[in-house]
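Scroll down for the structure; my scribbles are underneath it.
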Amino acid sequence: MITVHGRLSSANVQPVVWCLEELGVEYTRLDVGGPFGGNDTPEFLAMNPLGLVPVLEEDGQVISEAVTILRYLMRRYGGHPSDPMAAARIERWADMSRQHIYVPLIPTIFWQMVRTTVEDRNHSAIAQAEAGLKQSMTIVDGLIEGPFIGGDTLNLVDYQIGGLLYRYYELDFDRADLPGLKAYYDRLCARPAYQSGVMVDFWNMKVPGA
0 MITVHGRLSS ANVQPVVWCL EELGVEYTRL DVGGPFGGND TPEFLAMNPL GLVPVLEEDG
60 QVISEAVTIL RYLMRRYGGH PSDPMAAARI ERWADMSRQH IYVPLIPTIF WQMVRTTVED
120 RNHSAIAQAE AGLKQSMTIV DGLIEGPFIG GDTLNLVDYQ IGGLLYRYYE LDFDRADLPG
180 LKAYYDRLCA RPAYQSGVMV DFWNMKVPGA
């Protein structure tokens with residue numbers, strides 16, 4: 000049995016939960032981190048010394064870092080390519096998204112708009128993040144072939160990038176007009192696993208004055 004340690008409101012936990020739901024893999028999730036705490040205990044730090052979620056346990060083994068967990072799940076349960084080159088073609092976009100989509104979106108735009116008061120916002124950082132996301136999301140828009148990124152079935156890139164799109168579209172900032180990306184997002188929103196795993200209200204994290 001898989002155990003996922005991490006609160007569902009975490010943008011890092013959500014793609015892992017979505018992936019497990021889509022794959023139909025049985026798991027248990029424990030609320031850890033944020034308002035729930037528990038990520039600074041000796042027991043948790045023994046699993047991840049950084050004290051960050053998610054952490055996945057299975058058969059006495061422990062994995063941390065969302066991208067690593069997703070790779071593991073797709074290799075074990077999701078039909079990730081066994082051919083090294085085929086796998087690399089998928090993984091490069093997952094790796095790209097971590098630096099060029101996650102970083103400008105979550106620690107910058109999300110944090111500035113939800114976790115920072117209006118008077119303290121760094122508008123220069125927001126503008127820089129918006130410009131970077133326009134470039135990155137235009138690339139993603141060109142990758143969409145069929146219903147999902149790169150094909151007819153969900154793969155590692157979908158979980159990594161698609162898992163961020165709920166906040167990408169819910170937050171009010173200057174986005175590129177990309178009809179293909181929006182149609183892809185709409186298809187994800189129609190999936191029950193995406194609704195339960197990713198479309199989680201985050202406005203309760205908004206600080207007063209934000």
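Each residue of the sequence shown is one higher than the one before, starting from 0 at the first, in numbering that gives the first Met the number 0. Think of the CB as a built atom: it goes at the ideal place given N, C-alpha and C, for glycine as much as any other residue.
**Report entry** Nearest-angstrom Cα separation, counted from Trp17 out to Glu64
**Finding:** Taking the sequence shown and counting its residues from 1, one reaches residue 64 at position 65. Taking the sequence shown and counting its residues from 1, one reaches residue 17 at position 18. For Glu64 and Trp17, the gap between their C-alpha atoms comes out near 15 angstroms.
Requested in this report: Jot down the residue ranges of each uninterrupted beta strand (DSSP E) in the stretch 18 to 53, minimum 3 residues, whole runs only, in chain order.
Outcome: Counting whole runs of 3 or more residues, the stretch 18 to 53 contains the beta strand (DSSP E) stretches 26 to 29.
Report task. Identify whether Gly179 lies in helix, strand or coil by the three-state DSSP scheme. Result -> In the sequence shown, residue 179 corresponds to position 180, counting from 1. Of the three classes helix, strand and coil, the one that applies to Gly179 here is helix, per DSSP.
Report task. Within 10 angstroms of the Cβ of Thr116, are there 16 or more other Cβ atoms? Answer buried if so, exposed if not. Result -> Taking the first residue of the sequence shown as position 1, residue 116 is located at position 117. Around the beta-carbon of Thr116, fewer than 16 other beta-carbon atoms lie within 10 Å, marking it exposed.
**Report entry** Option nearest Tyr165 by Cα separation, candidates Leu72, Glu144, Tyr184, Gln127
**Finding:** For this step, residue 165 is matched to residue 166 along the sequence shown. Ranking Leu72, Glu144, Tyr184, Gln127 by CA distance to the CA of Tyr165 puts Tyr184 first.
Query raised in the report: At what residues does the beta strand (DSSP E) containing Val61 begin and finish?
Result: Along the sequence shown, one-based indexing puts residue 61 at 62. Per DSSP, the continuous beta strand (DSSP E) segment holding Val61 begins and ends at 60 to 63.
Requested in this report: Report the option in Ile160, Ala45, Pro53, Leu153 whose CA atom is closest to the CA atom of Arg74.
Outcome: Here residue 74 refers to the residue found at position 75 of the sequence shown. It is Leu153.
Requested in this report: Can you check DSSP and say which residues form a bridge with Val3?
Outcome: Indexing the sequence shown from 1 puts residue 3 at position 4. Residue pairing by DSSP places Val3 opposite Arg28, Leu55 in a beta bridge.
Query raised in the report: Beta carbon of Ala128, beta carbon of Pro103: below 7 angstroms?
Result: In the sequence shown, the residue the question calls residue 128 occupies position 129. In the sequence shown, the residue the question calls residue 103 occupies position 104. In contact: Ala128 and Pro103 (Cβ atoms closer than 7 angstroms).
Query raised in the report: Helix, strand or coil: how does DSSP classify Phe109 here?
Result: Along the sequence shown, read from residue 1 onward, the residue named residue 109 stands at position 110. Reduced to three states, the DSSP call for Phe109 is helix.
Report task. Counting only the same chain and skipping the five closest in sequence on each side, list residues whose C-beta sits under 7 angstroms from that of Ser135. Result -> Start at 1 with the first residue of the sequence shown, and residue 135 comes out as number 136. Taken in chain order, the residues that qualify are His99, Ile100.
**Report entry** Which of helix, strand or coil DSSP assigns to Gly150
**Finding:** Taking the first residue of the sequence shown as position 1, residue 150 is located at position 151. In this structure, Gly150 counts as strand in the three-state DSSP scheme.
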